[in-house]
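As given, the protein sequences belong to chains E and B, one line each in that order.
Per my numbering: the first sequence = residues -19 to 302.
Per my numbering: the second sequence = residues 2 to 309.
Note that the Cβ used here is the ideal one computed from N, Cα and C, for glycine as well.
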Amino acid sequence: MECIACHKGNKQGKTKEDAHKGRIARPSDNIYTCGICHIKTGQNYAKALHYTSLGQREGVKHRFSAEELKTFDKKVFENSCRSCHASCGSCHVKSPPVSGITTGLLQGHKFIKKNEGKTCAACHGGRVYPEFTGEYGGTPDVHYQKGMMCNDCHKKQEMHGDGKVYKSKNHVKDRPKCQSCHEDKGNQVAHTIHKDKVSCQGCHSSGQYRQCYSCHVVHGSKAEPGFILGLNPRDKKTLTTLRIIPTVRNTFEPNGIKMENFDALPNYWDSAVHNIKKRTNRTRSCDACHANREGFLKQEDLIKDGSKANDALIYDIKPISK
Amino acid sequence: MKTMRLLKALWVSLFILLPATVFAQGIGPIISTDDLAKVLKNPNVIVIDIRKVEDYKSGHIPGALGIFYNNWAPGIGNLKNEMPENDDLIDLLSANGIGPDSTVVVYGTTGTPPDRVDVTRVAWALKYAGVKKVSVLSGGFEKWAVREQREVSKEVVKPKAKPYTGTINKGLLVKKDYVKNQIGKTIIVDAREPAFFKGEQKLPFVAKNGRVKNAVNLPTIQVFDKYPPGEHMEPCCWTYKDVAALKNFASGVVGSDLNKEIIVYCDTGKVASAWWFILSEIMGFKNVKIYDGSMEEWMKDESAPIEP
């Protein structure tokens, strides 16, 4: 195949300017470019979350009134959130642009099947990937220690979609679960006691992971390490690791959106952090939680002027009665 | 007759095992790519690639295990490059089938100054754990694969796990209070570059300029040479200087009393590992320790003596 098959342009052009007339820099932004041959993958990918970016919309839309949602869809979602979608080439040819910066071609212009360290890590490298490799402190995630990479848990179907449109990843049934590989054999007292009460990462997250504060506030965002345990906002029953989702009250003010229902959603969300370890402070000693309350979300630690829904995530852990 | 058969079996076993043992014994603390190639198939030698998993998977020295650097020197609390908790370290060694009597060769990359000292930091963690024979590859993966175009493999090597039985060498690591107490009594080596030693420069995460009071300077830049040497040659990597040159340079600063206690530090405890390795493993100083907290911790303590 010649370059122009995908990138178009003017084959007869004698100068660079002439030759580049009509050139398409990112041809796979149009799924049809790849989908003409990779029919099924293309069809699925057109509906996949990596392409639709619908998860970002779902994560915030319940803060809006019906009118505000219309404004959001028109002014913010299409112009901002959707501009972040991954094209086929973002994973298979050239690392995806993040804030306009890309680390370049993955391997010349060769199409490669996967290179998670450059592709997944480019977009998920602010928080998840460095947690996984231990670059934010703590030893690497136990799965990375064993030589596992993103695709060992997050399978092809998760990347390309299954042909259905989902509102967010939380609506997808077949997602990676610890239990898919780690069967509870009932031989660990701690596992039996905490079953359905604490998520696996609640105990097995090795410690601090990245928390982002003040995103979209005038002075820009700030990332700091932190470890937060609280109730899962999706069920309010399970204790789990929480990550700050830094939407603040004036995030969308420049777009004329006040977020009338801002307090409907909390600022802390359950997060399957990627710094899993066999041993942690909490597996080494019950006192880490039951006496010292290490990392537990407290009223005084809540972000300033945050959502009123944050209060419901605070869990008052009791000492062990002996 | 039975005795004869037993003797014959013993001779055959010796014949098979002897070369492996001799090779394993012949590995010095710094190993060249030529020497590593000779012992690569020796079952007593465990080669560890400490680059990131994705780099390991894209090609490594055949037979090497991939155990990324951060496993050996995680950030803990507010300090970078710390010794892992003992149980974590033992888990790591057990999972990778490394025993106290294994001969371990560590390699990584040598492109940047921090890269160059990764291997000695891992070697220090292995020695701390109680592994007796640890070597580092001179020139790293670049010399092996890029310059010398030796064989590389993409096959992920699965280690044979076995419980680790070694004993932790607690004496190789010292804490801040110990260093404070030893000022004036022992040799304290600052392994940073002269501008940092003199207090003219500091890294952003170090609270103040300066050095530990009474420290002497052994800059780590003195440890490596570009390879290949020569102004007109394009370098691929960095190798260790000639052992005689290293000894000569070090003895000029710390003397030659092998029984004298030496504490080495830098900014985070990583760079210090290069001179720790040379003093302890090559020159034979018997009592060399690393202050792991180093300047990152020391300079936050108002009561820690500093100069200038």
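Neighbour flag for lysine 90 of chain E against chain B, beta carbons, 8 Å: For the purposes of this step, residue 90 of chain E is taken as the residue at position 110 of the first sequence. Output row for lysine 90 of chain E: interface = no.
Residues, ordered as in the chain, of the region 98 to 130 of chain E that lie near chain B by beta-carbon distance below 7 Å: For the region 98 to 130 of chain E, the beta-carbon criterion of a distance under 7 Å to any beta-carbon of chain B is satisfied by Thr113, Gly114, Glu115, Gly117, Gly118, Thr119, Pro120, Tyr124, Gln125, Gly127 and Met129.
Under 8 Å between C-beta atoms of valine 105 of chain B and lysine 81 of chain B: Along the second sequence, one-based indexing puts residue 105 of chain B at 104. Along the second sequence, one-based indexing puts residue 81 of chain B at 80. Not in contact: valine 105 of chain B and lysine 81 of chain B (Cβ atoms no closer than 8 Å).
Under 8 Å from the C-beta of lysine 258 of chain E: neighbouring residues of chain B: To locate residue 258 of chain E, count along the first sequence from 1; it is residue 278. The answer, in chain order, is Asp92.
Rounded straight-line distance, which links the Cα of phenylalanine 278 of chain B to that of asparagine 182 of chain B: The count along the second sequence starts at 1 and reaches residue 182 of chain B at position 181. The count along the second sequence starts at 1 and reaches residue 278 of chain B at position 277. Near 24 Å, if we compare the C-alpha coordinates of phenylalanine 278 of chain B and asparagine 182 of chain B.
Span of the beta strand (DSSP E) around tryptophan 125 of chain B: Within the second sequence, residue 125 of chain B is the residue found at index 124, counting from 1. Counting along the chain, tryptophan 125 of chain B falls outside any beta strand (DSSP E), though it belongs to the alpha helix (DSSP H) covering 114 to 130.
Distance, glycine 141 of chain E Cα to valine 152 of chain E Cα: What you label residue 152 of chain E is simply residue 172 of the first sequence in a count that begins at 1. What you label residue 141 of chain E is simply residue 161 of the first sequence in a count that begins at 1. Computed Cα separation, rounded: 10 Å.
Close Cβ partners of alanine 292 of chain E (< 6 Å) along its chain, the five nearest in sequence each way excluded: Sequence index remark: in the first sequence, residue 292 of chain E carries index 312 (1-based). No residues qualify anywhere along the chain.
Under 8 Å by beta carbon: chain E residues contacting phenylalanine 69 of chain B: Walking along the second sequence from the start, residue 69 of chain B turns up at place 68. Those within 8 Å of phenylalanine 69 of chain B in chain E are Thr113, Gly114, Pro120, Tyr124 and Gln125.
Valine 23 of chain B - DSSP class collapsed to helix/strand/coil: For this step, residue 23 of chain B is matched to residue 22 along the second sequence. Because the pLDDT of valine 23 of chain B is 39, which lies under 50, any placement of that residue in the model is unreliable, and the question is left without a value.
Opening and closing residue of the alpha helix (DSSP H) in which alanine 246 of chain B lies: What you label residue 246 of chain B is simply residue 245 of the second sequence in a count that begins at 1. Per DSSP, alanine 246 of chain B belongs to the alpha helix (DSSP H) from 244 to 255.
Beta-carbon gap between valine 118 of chain B and serine 274 of chain B smaller than 8 Å: The count along the second sequence starts at 1 and reaches residue 118 of chain B at position 117. The count along the second sequence starts at 1 and reaches residue 274 of chain B at position 273. Taking C-beta atoms as the reference points, valine 118 of chain B and serine 274 of chain B count as a pair closer than 8 Å.
Inter-residue Cα distance where the pair is glycine 88 of chain E and proline 115 of chain B: Counting from one through the first sequence, the residue named residue 88 of chain E turns up at place 108. Counting from one through the second sequence, the residue named residue 115 of chain B turns up at place 114. C-alpha of glycine 88 of chain E to C-alpha of proline 115 of chain B: approximately 28 Å in a straight line.
Opening and closing residue of the alpha helix (DSSP H) in which leucine 90 of chain B lies: What you label residue 90 of chain B is simply residue 89 of the second sequence in a count that begins at 1. Start and end: 87 to 96.
Contact residues within the region 32 to 58 of chain B, judged by C-beta distance below 7 Å to chain E: Hits within the stretch, in order: Lys53, Val54 and Glu55.
Given 8 Å, three or more beta-carbon pairs between the region 176 to 184 of chain E and the region 246 to 264 of chain E: At 8 Å Cβ cutoff, the stretches touch.
Inter-residue spacing [alpha-carbon to alpha-carbon] between glycine 29 of chain B and tyrosine 108 of chain B: Within the second sequence, numbered from 1, the residue matching residue 29 of chain B stands at position 28. Within the second sequence, numbered from 1, the residue matching residue 108 of chain B stands at position 107. Whole-angstrom Cα-Cα distance: 14 Å.
Test: glutamate 341 of chain E CB closer than 8 Å to a CB of chain B: With chain E running from -19 to 302 in the structure shown, residue 341 of chain E is simply not present.
Min CB distance glutamate 138 of chain E to chain B below 8 Å: As a first step, residue 138 of chain E is located in the first sequence; it is residue number 158 there, counting from the start. Not closer than 8 Å to any Cβ of chain B, the Cβ of glutamate 138 of chain E fails to qualify, so no.
Isoleucine 77 of chain B: contacting residues in chain E (beta-carbon distance under 8 Å): To locate residue 77 of chain B, count along the second sequence from 1; it is residue 76. What isoleucine 77 of chain B touches in chain E: Gly117 and Gly118.
Contacts around alanine 268 of chain E, its chain only, beta-carbon distance under 6 Å, and the 5 residues preceding and following it disregarded: As a position in the first sequence, residue 268 of chain E is number 288, starting the count at 1. Asn261, Arg262 and Glu274.
Test: aspartate 89 of chain B CB closer than 8 Å to a CB of chain E: The count along the second sequence starts at 1 and reaches residue 89 of chain B at position 88. With 8 Å as the cut-off, aspartate 89 of chain B counts as an interface residue toward chain E.
Cysteine 130 of chain E versus E:Tyr146, E:Gly105 and E:Gly143, residue with shortest Cα-Cα distance: Mapped onto the first sequence, residue 130 of chain E falls at position 150. Of the listed residues, the one whose Cα sits closest to cysteine 130 of chain E is E:Gly105.
Reference glutamate 303 of chain B, options B:Lys42, B:Val207, B:Asn97 and B:Pro195, closest by Cα: As a position in the second sequence, residue 303 of chain B is number 302, starting the count at 1. Distances from the alpha-carbon of glutamate 303 of chain B to those of B:Lys42, B:Val207, B:Asn97 and B:Pro195 put B:Val207 closest.
The beta strand (DSSP E) enclosing aspartate 9 of chain E, as first and last residue numbers: For the purposes of this step, residue 9 of chain E is taken as the residue at position 29 of the first sequence. It is not in any beta strand (DSSP E) - aspartate 9 of chain E carries neither H nor E in the DSSP assignment.
Straight-line gap, threonine 51 of chain E to arginine 43 of chain E (C-alpha atoms, nearest Å): Here residue 51 of chain E is taken as the residue at index 71 of the first sequence, counted from 1. Here residue 43 of chain E is taken as the residue at index 63 of the first sequence, counted from 1. One C-alpha to the other measures close to 13 Å.
CB of valine 56 of chain E within 8 Å of CB of phenylalanine 232 of chain E, strictly: Looking up residue 56 of chain E in the first sequence gives position 76. Looking up residue 232 of chain E in the first sequence gives position 252. Against a cut-off of 8 Å, the Cβ pair of phenylalanine 232 of chain E and valine 56 of chain E comes out as a contact.
Any 3 or more C-beta pairs closer than 8 Å across the region -13 to 7 of chain E and the region 111 to 121 of chain E: Short answer: they don't touch.
Cutoff 8 Å: glutamate 96 of chain E Cβ touching any chain B Cβ: Residue numbering aside, residue 96 of chain E sits at position 116 when the first sequence is read from its first letter. Closer than 8 Å to some Cβ of chain B, the Cβ of glutamate 96 of chain E qualifies, so yes.
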